[in-house]
Each structure stands twice: as structure tokens, then as C-alpha cells.
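The structure under discussion appears below in the form of C-alpha cells.
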Amino acid sequence: MRFSCFSIVLWSALLAGPAMAQVPSVSRAPGAYRTAAAYHRRQPQPAGSDAFYPDKRGMVVVEVPQGARTTKLRFAPDSVWGFVNGKGRTTRLFRGNEYRLEYADTLCVYSTSNITAGNDRNGNNLLVPGANSMGAYTNARYFFSRGLTGLIFPLTVSYLRQAYAASNPAFVASLGKLRVDQSLVDFDRNTGLFRVTTLYHEASGH
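All letters in the sequence shown, in the order written, are residues -21 to -1, 1 to 185 by mature numbering (1 follows the signal peptide of the UniProt record, and there is no 0).
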């Protein structure tokens, strides 16, 4: 469907309250988060030592220590907002897809990777950094949403313009000044921000 069909829903999808500061995924305890508000409040339900998706049943799994043993609790993906794994990485589940949360604010940035088949000479699935047992990942693709509950769209200048034209024209204007050698996802290690989030903060007066 065209972006314009979602406009009204998109505007109302922001969390209530002022803009949040950056929310590093490492600041959240491992476990399942039933809602974006629970994630914002750092309240996993249940909390665990690790979490992942999907298992063989297509479920979200939270590993919960019980003494010397670990119990695996399973949840339908549409019953949770997302989860944090044992390494502190946040994944939002949206319409059956996984999106790793890279930056959280009233403009949220996500990354995701396509899985490609990869086997070694013995027929085993190849495992590389950022891959799971299904095979190797391709290069990351980036997406965004307005707030933690907004619809998720590809991170492109076109979609950003449509999303923020009314609410943040200064930000939209700054997007038009990007040089051909600049990318929205250029990352500044000094600030911990993507170029798009830097522009967003500057336009918002942060």
C-alpha cells in the first residue's frame, strides 16, 4: 500500500510524552517486552538470561534461569513488542519481521539483514558474525519509525520527507542538502549517532 494510506495512523503512533534521549539497547535487561511502554520502562516480562526468535515453532523464546537449570518459555511473536537478547541487543517484531533497534527516539532507526543460503563443503550452514543457524546474512538494510510504536518504513529520503514534512520541516529541508557522497546511515563514533539522527537532532534544536 502507498505510504499516504498510513499517514493518519503514523501520526498517532508516537508514544505519549516528550522526546526520549537515545536508548542504547545494552541498557535493557534480556527478556521479552510485551509493549513499547514496557521497553521504555525497562520492564521485561518475563526477564531472562537470553532471548531469541524464531525457534523451530516460529516462537519467541526467553531462557529463564531456575537455580542451576534454565527453562525456556515460548511466546507467539504477535504477543510481544520485541525482545532483548543476552548480549543486550534489542529486536522489535513488526508484521512477522525482525528489526534490530539501533537508535530510539521520536525517530527510531533499525537495521535488518536478509538471510542467504550458505553451506560449507560438508553441507553445514555457514556461520559468520551476524548470522544464525539459517545461514549467512547479507549487508544490513535500514528502516525507521516515528517512535517505538510507529509503522516501520525503509530509511530513505523520500519516506522521511513524507513522514516529517508537517511536523519537522527543518529536518526535511536538511535532507535535501545531503551530498551525493553522504549516506543517511553514516555513523559517527564520537557522537554515537547516524547522520540521519544527527540531522534530526540539529533540526529539533537538541
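We treat Cβ as the ideally placed atom computed from N, Cα and C, and that holds for glycine.
CB-CB length for residue i against residue j, believed under 8 Å
{"i": "L139", "j": "L154", "result": "6 Å"}
{"i": "Y32", "j": "F62", "result": "7 Å"}
{"i": "A11", "j": "Q24", "result": "6 Å"}
{"i": "T69", "j": "R20", "result": "At roughly 14 Å, the Cβ-Cβ gap does not stay under 8 Å, so T69 and R20 are not in contact."}
{"i": "R125", "j": "A142", "result": "6 Å"}
Cβ-Cβ distance between residue i and residue j below 8 Å
{"i": "L127", "j": "C87", "result": "yes"}
{"i": "V175", "j": "V159", "result": "no"}
{"i": "P133", "j": "N64", "result": "no"}
{"i": "V41", "j": "T49", "result": "no"}
Option nearest residue i by Cα separation, candidates the options
{"i": "S162", "options": "Y121, R125, Q141", "result": "Y121"}
{"i": "D29", "options": "G67, A142, Q45, R13", "result": "G67"}
{"i": "R74", "options": "D84, V41, V59", "result": "V59"}
{"i": "T91", "options": "A119, D84, T69, T70", "result": "A119"}
{"i": "P56", "options": "R48, E42, L72, T177", "result": "L72"}
{"i": "Y89", "options": "Y179, E181, F173", "result": "F173"}
{"i": "F54", "options": "R48, N147, G37, Q45", "result": "G37"}
{"i": "V39", "options": "A149, A47, A26", "result": "A26"}
{"i": "residue 201", "options": "A149, T69, D167", "result": "With the chain covering -21 to 185 only, the question about residue 201 has no answer from this structure."}
{"i": "S146", "options": "G46, T69, S183", "result": "S183"}
{"i": "A16", "options": "P44, Y179, D84", "result": "D84"}
{"i": "L157", "options": "R168, G171, Y179, N169", "result": "Y179"}
Cβ contact check for the stretch 68 to 83 and the stretch 141 to 155: 3 or more pairs under 8 Å: no
Segments of 4+ residues assigned as alpha helix (DSSP H) that fall wholly inside the stretch 14 to 50: 15 to 19
Start-end ranges of the beta strand (DSSP E) lying completely within the stretch 59 to 91, minimum 3 residues: 61 to 63, 69 to 73, 76 to 82
Completely contained alpha helix (DSSP H) runs for the stretch 115 to 147, where each covers 4 or more residues: 136 to 143
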